[in-house]
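Asker: Got a structure for you, written out below as structure tokens; questions coming shortly.
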Amino acid sequence: MRSWLLCVLALAVVVYCSAQHSNRYDNFNADSIIQNERILLAYYKCVMDKGPCTKDGKNFKRVLPETLTTACSRCSPKQKLVVRKLLLGIRVKSEPRFLELLDKYDPQRVNREGLYSFLVTGV
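Dropping the structure here:
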């Protein structure tokens, strides 16, 4: 009985932590990043291994490969909005940097068409 209770408690902690992580960037202000060239460039350098990373930068860098190759399929609607704004912001500011980012994290262009569709439609 005691080991069963410990298993249930451990499962509850895992579910709570994953829920916290999945909602972590729901209220992230992508517009403030896009409007500030210096901050946008710092995030870009982080995810491209060309500069230091903040805690948020490290987290973005960790999820970026899956996000790009699946067109944010596991993202919540709010997260999709944030990802879409950031990617479009990078693309508007510098198409070459945007393409370099895609080539780094999706070199085989596995889902390039799906990613472009996501950027256009948000779905």
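As numbered in my numbering, residues -17 to 105 make up the sequence shown, in order. The beta carbon of each residue, even a glycine, is placed where N, CA and C say it ideally should be. Note that the structure is predicted; figures quoted are calculated from it, not measured.
Taking Gln90 as the reference, which of Asn18, Glu19, Leu23 and Leu50 has the closest Cα?
Answerer: Leu50
Asker: Excluding the five sequence neighbours on either side, which residues of its own chain have a C-beta within less than 7 Å of the C-beta of Lys32, listed in chain order?
Answerer: Closer than 7 Å at Cβ, skipping near neighbours: no residue.
Asker: Is Pro34 closer than 9 Å to Lys27 when the C-beta atoms are compared?
Answerer: yes
Asker: Identify the continuous alpha helix (DSSP H) that holds Phe10 and give its terminal residues.
Answerer: Counting along the chain, Phe10 falls outside any alpha helix (DSSP H), and DSSP gives it neither H nor E.
Asker: Determine the direct distance from the alpha carbon of Val92 to that of Gly71, and round the result to whole angstroms.
Answerer: 22 Å
Asker: DSSP three-state label for Asp31, please.
Answerer: DSSP places Asp31 in coil when its eight states are reduced to three.
Asker: For Leu97, count the other beta carbons within 10 Å of its own beta carbon; 16 or more makes it buried, fewer makes it exposed. Which is it?
Answerer: buried
Asker: I need the boundaries of the alpha helix (DSSP H) containing Val64, first residue and last residue.
Answerer: Counting along the chain, Val64 sits inside the alpha helix (DSSP H) bounded by residues Pro59 to Lys75.
Asker: What residues in its chain sit with their C-beta under 8 Å from that of Asp88, if we drop five residues either side in the sequence?
Answerer: If we look at Asp88 and ignore the five residues flanking it on each side, its Cβ neighbours are Pro47, Leu50, Thr51, Arg94 and Leu97.
Asker: Which of helix, strand or coil does DSSP assign to Pro89?
Answerer: coil
Asker: Would you report the Cα separation of Asp13 and Gly39, rounded to the nearest angstrom?
Answerer: Using only the alpha carbons, I get a separation of about 16 Å.
Asker: Helix, strand or coil: how does DSSP classify Ser99 here?
Answerer: helix
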